[in-house]
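Following this line, the structure appears as structure tokens:
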């Protein structure tokens, strides 16, 4: 790790520990402006990371997670039907418990779906470029731009 990266990490750790910018500067023997600039850069990069996650990756990660649960369920059901496990009652019970737990987790994540899509709606709502909607004269033009 380079000196600048190490310093940035130290600043981040001290911020998380509750230190003020002045105390961080004193502790690391650097200027307050360096601490302020580093914290600002970290906050901006965090905001950009979260924006990118919400805009590009979140829905895909969510879909992949749900698909993973389905794959796990298929694999567990195959194990349950496997002749090698049919005679082991304890193993059968463990597999059934794993199936139940996986179904519960799948349902739990599935119910979070509205949150995922509301993030998408929030991004679209906060987008500074508004998309013009066609007018519906029967509604008095309330559906779009006059």
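Numbering (the working numbering), first residue to last: 6 to 151. Ideal placement from N, C-alpha and C gives every residue a C-beta, glycine not left out.
Does the beta-carbon of residue i have 16 or more other beta-carbons within 10 angstroms, so that it is buried, or is it exposed?
i, result
"residue 66", "exposed"
"residue 56", "exposed"
"residue 29", "buried"
"residue 43", "buried"
"residue 81", "buried"
"residue 94", "exposed"
How is the alpha helix (DSSP H) around residue i delimited, first residue to last?
i, result
"residue 99", "94-116"
"residue 32", "26-33"
"residue 77", "63-86"
"residue 36", "Counting along the chain, residue 36 falls outside any alpha helix (DSSP H), and DSSP gives it neither H nor E."
"residue 17", "8-21"
If you drop the 5 nearest sequence neighbours on each side, which residues of the same chain put their C-beta closer than 8 Å to that of residue i?
i, result
"residue 26", "37, 40, 41, 44"
"residue 97", "85, 90, 91"
"residue 14", "6"
For residue i and residue j, which I take to be in contact (beta-carbon distance under 8 Å), what is that distance rounded to the nearest angstrom?
i, j, result
"residue 74", "residue 102", "Not really, about 16 Å apart at Cβ, beyond 8 Å."
"residue 53", "residue 17", "So it is not a contact: roughly 16 Å between Cβ atoms."
Excluding the five sequence neighbours on either side, which residues of its own chain have a C-beta within less than 6 Å of the C-beta of residue i, listed in chain order?
i, result
"residue 87", "none"
"residue 22", "none"
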